[in-house]
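J.: Protein sequences appear in the order of chains A and B.
So for the first sequence, this note's numbering puts the first residue at 10; every next one is plus one.
So for the second sequence, this note's numbering puts the first residue at 10; every next one is plus one.
Number of protein chains: 2
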Amino acid sequence: MTRRALQDSDCSIQRSLEVIGDPWTVLILREAFLGTTRFSDFVAAIGISTDLLADRLAVLVEAGVMEKRPYSEPGKRTRYGYLLTPTGMELRVVLGALQQWGDAHRLLGGSPSMERRSRTTGQRLEVAFVDESGQAVALGDVEFVPSAGQRGVQV
Amino acid sequence: MTRRALQDSDCSIQRSLEVIGDPWTVLILREAFLGTTRFSDFVAAIGISTDLLADRLAVLVEAGVMEKRPYSEPGKRTRYGYLLTPTGMELRVVLGALQQWGDAHRLLGGSPSMERRSRTTGQRLEVAFVDESGQAVALGDVEFVPSAGQRGVQV
DNA sequence: CTTCTGGCTTGGTAAAACCAAGCTAGCATC
DNA sequence: GATGCTAGCTTGGTTTTACCAAGCCAGAAG
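Here is the structure:
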């Protein structure tokens, strides 16, 4: 599927997929969340070819998810690193949801290699739907409704 | 990227991408959550070609995300529908997170076409990290740590 | 036994992934 | 100031996949 085919939809899921609909891109983001910033480190960490990495990073920069920023180590030449923007940081919840689902349904007997914890309390964290008070609600209580005020669609 | 290249990783994100790493698959799931079950309805709703739809549905069935189930309308021949399994239902949080991010960062001036609400209270819902008590925590408080007890990785 | 229709399947072309090799800018060294 | 080194791309050529159109097939109606 081409990125072009996803464009100009009024569906936010589809619009998100323009940017992160590619598996390589998700793996790039995973590494970025783990602290990777340099081109060669992404290559080494996820085994992507350099042409694809250059292409995907350009898409992420264009979309405002990552920022290409020069930096200088003392006595070395200027280099470039790719850093997550605040917009990009918010994708953590998407990656977290993917990881959580994979932990539950795709491990085939193994155990999760990573977990999500609160930095302040150390509690194990989950990704869930929450209401206006910030309290989690059951999956079965969630419905998707059109914004324009049409009747709700049970999903 | 081939599905094969993602296999046999111990990373749950990567394992999840084996199943839902394709944009078409995400759109199929979106329609499934909106109630679509029939092959031809998926084709009409998302504009996918029939060969790809057959392939992606087979992957989803194989992964236990959807179930192919015969049904008979009175006086009609037996047909097949594709229904989300409980495993598939849990992907709603992934789709919800994607939608939420797209609402916030990919609409370019438009307004969201769908929103997520509580069926019982009608409150607007968000996708977020929650602690063991079910209370949402701030994104900045989330860290990913290796499960085996190594020191935490700040992300 | 012919027709219709939903659900795939196949064939051919266009696009993308993939791999290897090559290029380039900036600094270091000679 | 010429040469070398290296991170970060860029390009060429091949394989794989997407895509589109057309065709096939099984079951039910007529």
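Glycine included, each C-beta is placed from N, C-alpha and C at the ideal position.
Because the structure is a prediction, the values reported are computed rather than measured.
1. Against chain A, does G158(B) count as a neighbour if the rule is that its beta carbon must be under 8 angstroms from one of theirs?
2. Note down, in chain order, all residues in the segment 122–148 of chain B with a beta-carbon under 7 angstroms from any beta-carbon belonging to chain A.
3. Does any CB atom of chain B fall closer than 8 angstroms to the CB of L26(A)?
4. Starting from the beta carbon of F51(A), find every residue of chain B whose beta carbon is closer than 8 angstroms, and list them in chain order.
5. Please report how far the alpha carbon of A72(A) lies from the alpha carbon of V139(B), in whole angstroms.
6. Short check: CB of M75(B) to CB of L62(B), under 8 angstroms?
7. What do you get for T129(A), buried or exposed, if any count of 16 or more other CB atoms within 10 angstroms of its CB means buried?
8. Could you work out which residue in I29(A), V154(A), S18(A) and R133(A) is closest to G97(A) when comparing CA atoms only?
9. Let me know the alpha helix (DSSP H) ranges lying completely inside the segment 93–123 of chain B, each 4 residues or longer, listed in chain order.
10. Are the segment 47–61 of chain A and the segment 17–27 of chain A touching by the rule of at least three beta carbon pairs closer than 8 angstroms?
11. Is R24(B) near G44(A), with beta carbons less than 8 angstroms apart?
12. How big is the Cα-Cα spacing for G118(A) and L26(B)?
13. Can you tell me which of the three DSSP states S156(B) falls into?
14. Find the nearest neighbour of P155(B) within the set L134(A), M123(A), T11(A) and S21(A), judged by alpha-carbon distance.
15. Are E135(A) and Q109(A) close, meaning C-beta to C-beta below 8 angstroms?
16. In chain order, what residues of the segment 89–113 of chain A put their CB closer than 8 angstroms to some CB of chain B?
17. Establish whether the CB of F48(B) and some CB of chain A are separated by less than 8 angstroms.
18. Going straight from the alpha carbon of G131(B) to that of R86(B), what length do you get?
19. If you draw a straight line from the C-alpha of V3(A) to the C-alpha of A41(A), how long is it?
20. Tell me whether the beta-carbon of L148(A) lies closer than 8 angstroms to the beta-carbon of R78(B).
21. In the DSSP assignment, what residue or residues form a beta bridge with Q132(B)?
22. Using 8 angstroms for Cβ pairs, my map puts G143(B) next to A145(A). What's the rounded Cβ distance?
T.: In this structure, then:
1. Here the question's residue 158(B) lines up with position 149 in the second sequence. Caution is warranted here: a pLDDT of 44 is assigned to G158(B), below 50, making its placement in the model unreliable, and the coordinate value is therefore given only provisionally. No, its Cβ sits nowhere closer than 8 angstroms to a Cβ of chain A.
2. S122, M123, E124, R125, R126, S127, R128, T129, T130, Q132, R133, L134, E135, V136, A137, F138, V139, D140, E141, G143, Q144, A145, V146 and L148
3. The residue you call residue 26(A) lines up with position 17 of the first sequence. Taking Cβ atoms only, chain B reaches closer than 8 angstroms to L26(A), which makes this a yes.
4. For this step, residue 51(A) is matched to residue 42 along the first sequence. The premise fails here: F51(A) is roughly 15 angstroms from chain B at the closest Cβ pair, so nothing lies under 8 angstroms.
5. Position 63 of the first sequence, counted from the first residue, corresponds to residue 72(A). Position 130 of the second sequence, counted from the first residue, corresponds to residue 139(B). Taking the straight line from one Cα to the other gives about 28 angstroms.
6. Translated into positions along the second sequence, residue 75(B) becomes position 66. Translated into positions along the second sequence, residue 62(B) becomes position 53. No. Outside cutoff.
7. Counting from one through the first sequence, the residue named residue 129(A) turns up at place 120. By the neighbour-count rule (16 or more Cβ atoms within 10 Å), T129(A) is not buried but exposed.
8. Numbered from 1 along the first sequence, position 88 holds the residue referred to as residue 97(A). Minimum Cα distance to G97(A) is reached at I29(A).
9. 95–98 and 101–114
10. no
11. Within the second sequence, numbered from 1, the residue matching residue 24(B) stands at position 15. Within the first sequence, numbered from 1, the residue matching residue 44(A) stands at position 35. Taking 8 angstroms as the Cβ cut-off, R24(B) and G44(A) do not qualify as a contacting pair.
12. For the purposes of this step, residue 118(A) is identified with residue 109 of the first sequence, where counting begins at 1. For the purposes of this step, residue 26(B) is identified with residue 17 of the second sequence, where counting begins at 1. The straight-line gap from Cα to Cα measures roughly 18 angstroms.
13. The sequence position of residue 156(B) within the second sequence is 147, counting from 1. S156(B) falls in the coil class under three-state DSSP.
14. Numbered from 1 along the second sequence, position 146 holds the residue referred to as residue 155(B). Minimum Cα distance to P155(B) is reached at M123(A).
15. Position 126 of the first sequence holds residue 135(A). Position 100 of the first sequence holds residue 109(A). In contact: E135(A) and Q109(A) (Cβ atoms closer than 8 angstroms).
16. T96, M98, E99, L100, R101, V102, V103, L104, G105, A106, L107, Q108, Q109, W110, G111, D112 and A113
17. As a position in the second sequence, residue 48(B) is number 39, starting the count at 1. Chain A, which has no Cβ nearer than 8 angstroms to the Cβ of F48(B), makes this no.
18. What you label residue 131(B) is simply residue 122 of the second sequence in a count that begins at 1. What you label residue 86(B) is simply residue 77 of the second sequence in a count that begins at 1. Those two C-alpha atoms are separated by around 40 angstroms.
19. What is shown of chain A runs 10 to 164, which leaves residue 3(A) out entirely.
20. Counting from 1 along the first sequence, the entry for residue 148(A) is found at position 139. Counting from 1 along the second sequence, the entry for residue 78(B) is found at position 69. Not a contact, by the Cβ cut-off of 8 angstroms.
21. Counting from 1 along the second sequence, the entry for residue 132(B) is found at position 123. DSSP output for Q132(B) lists no bridge partner at all.
22. Locating residue 143(B) in the second sequence gives position 134, counting from the first residue. Locating residue 145(A) in the first sequence gives position 136, counting from the first residue. With 8 angstroms as the limit, G143(B) and A145(A) qualify as a contact, their Cβ atoms being about 4 angstroms apart.
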